[in-house]
Amino acid sequence: MPSILIVDDDKPLRDLLATVLQEQGYDVETAEEGNAALTWMESAAFDLVISDIIMPGKEGIETIREIRSLYPSVLIIAMSTGGSLGNAQILEYARMIGAHEAIRKPVEIPVLIDTISRMLQ
């Protein structure tokens, strides 16, 4: 079964996504920010990373860059509410630096599930 790492500082959302994706049959781990995500990736192989962009500690853009550099085969979905740049701009930037997909928050669970399913086929 494919494995997914969820990186988001919003614990309720992180836990919700983990539960939903586990119910879909995925192996799921979570991290609260980019440094924790990279630590997970040193010890486990993931097929897909779902990363928030705006987080304390190592934020999502830097995390996506590092994942893309160190683990080029890992698929990445970026998520964001936008922050100061605005949602569309920050998500487009995430695509430019290596995210395969970009999803606006609040996340629509059926859209996320369909996106993950399509990416992992």
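Note that full-length UniProt numbering has the sequence shown beginning at 1, numbered continuously upward.
Positions of the beta carbon are idealized from the N, C-alpha and C atoms, including for glycine.
Does the segment 65-85 come close enough to the segment 23-31 to have 3 or more Cβ pairs within less than 8 Å? no
Check the DSSP bridge columns for residue 160 and list the partner residues they point to. Summary: the structure shown does not reach residue 160, with the chain confined to residues 1 through 121, and so no result is reported for it.
Glu-32 (DSSP reduced to helix, strand or coil): Numbered from its first residue, the sequence shown carries residue 32 at position 32. Reduced to three states, the DSSP call for Glu-32 is coil.
Can you tell which of Pro-106, Ile-116, Pro-110, Glu-108 has its C-alpha closest to the C-alpha of Ala-99? In the sequence shown, the residue the question calls residue 99 occupies position 99. The shortest C-alpha separation from Ala-99 is found at Ile-116.
Evaluate the contact criterion for the segment 9-16 versus the segment 52-60: three or more CB pairs, one atom per stretch, below 8 Å. yes
Consult DSSP for Glu-101 and reduce its assignment to one of helix, strand or coil. What you label residue 101 is simply residue 101 of the sequence shown in a count that begins at 1. Correct three-state label for Glu-101: strand.
What residue from Gln-22, Asn-35, Phe-46, Asp-47 has the CA that sits closest to Ile-61's CA? Counted from its first residue, the sequence shown places residue 61 at position 61. Residue Asn-35 is the option with its Cα nearest to Ile-61.
How is Asp-9 classed by DSSP in three states: helix, strand or coil? Translated into the one-based positions of the sequence shown, residue 9 becomes position 9. DSSP places Asp-9 in coil when its eight states are reduced to three.
Between which two residues does the alpha helix (DSSP H) carrying Met-119 extend? In the sequence shown, residue 119 corresponds to position 119, counting from 1. Per DSSP, Met-119 belongs to the alpha helix (DSSP H) from 109-119.
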